[in-house]
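A short worksheet on the structure shown next.
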Amino acid sequence: MNTTITSQKGQSSIKRMNNFLNWYLKIQNVNPITNEKFDTIMQKMNNQNR
């Protein structure tokens, strides 16, 4: 198992998640990610999808 490949994949998916969150927060007009717990944001997203 090559740990370099794994960490690169992890970093790119984190980058994608950050991009998505930035977009999501702009759309929703929510506080910046630093002012709100990640869990809270995920909960909001889940509630919207129901």
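Quick note on the numbering used here: the sequence shown kicks off at 29 and runs consecutively. Just so it is clear, CB atoms sit at the ideal spot from N, CA and C, and this is done for glycine as well.
How many Å lie between residue i and residue j at the Cα?
i	j	result
K72	G38	24 angstroms
S40	Q76	26 angstroms
L49	N74	13 angstroms
T68	I42	18 angstroms
K54	N47	11 angstroms
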